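**Q** In our numbering, the protein residues as written are 1 to 80. Heads up, the beta-carbon is just placed ideally off N, CA and C, and yes, glycines get one too. On a predicted model such as this, the values are computed, not experimentally measured, just so you know.
1. Of the choices 35, 17, 49, whose alpha-carbon is the least far from that of residue 66?
2. Would you check if the distance between the CB atom of residue 36 and the CB atom of residue 4 is smaller than 9 Å?
3. Any heavy atom of the ligand FMN within a distance shorter than 8 Å of the CB on residue 12?
4. Check residue 68 in the structure and name its three-state DSSP category.
5. Helix, strand or coil, according to DSSP, for residue 53 in the structure here?
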């Protein structure tokens, strides 16, 4: 399972999610088919990702979404 971080260029908002197919999921975000990211526009770029077990990916997604600290999240994905 892949834990990933997206950033929206014009608003600088982040989105953290998990998927088994990163290319398909990024396309879906940019086609405005996702509830949260669809409202933000279609300029989402992949900042980073980590390949983890499904259990670990779900735990890290939940933990990072609670953190809400962009510097920490940037560091986390930069250390991949």
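**A** Walking through what the data contain:
1. 17
2. no
3. This structure simply doesn't include the ligand FMN, nor any ligand for that matter.
4. coil
5. coil
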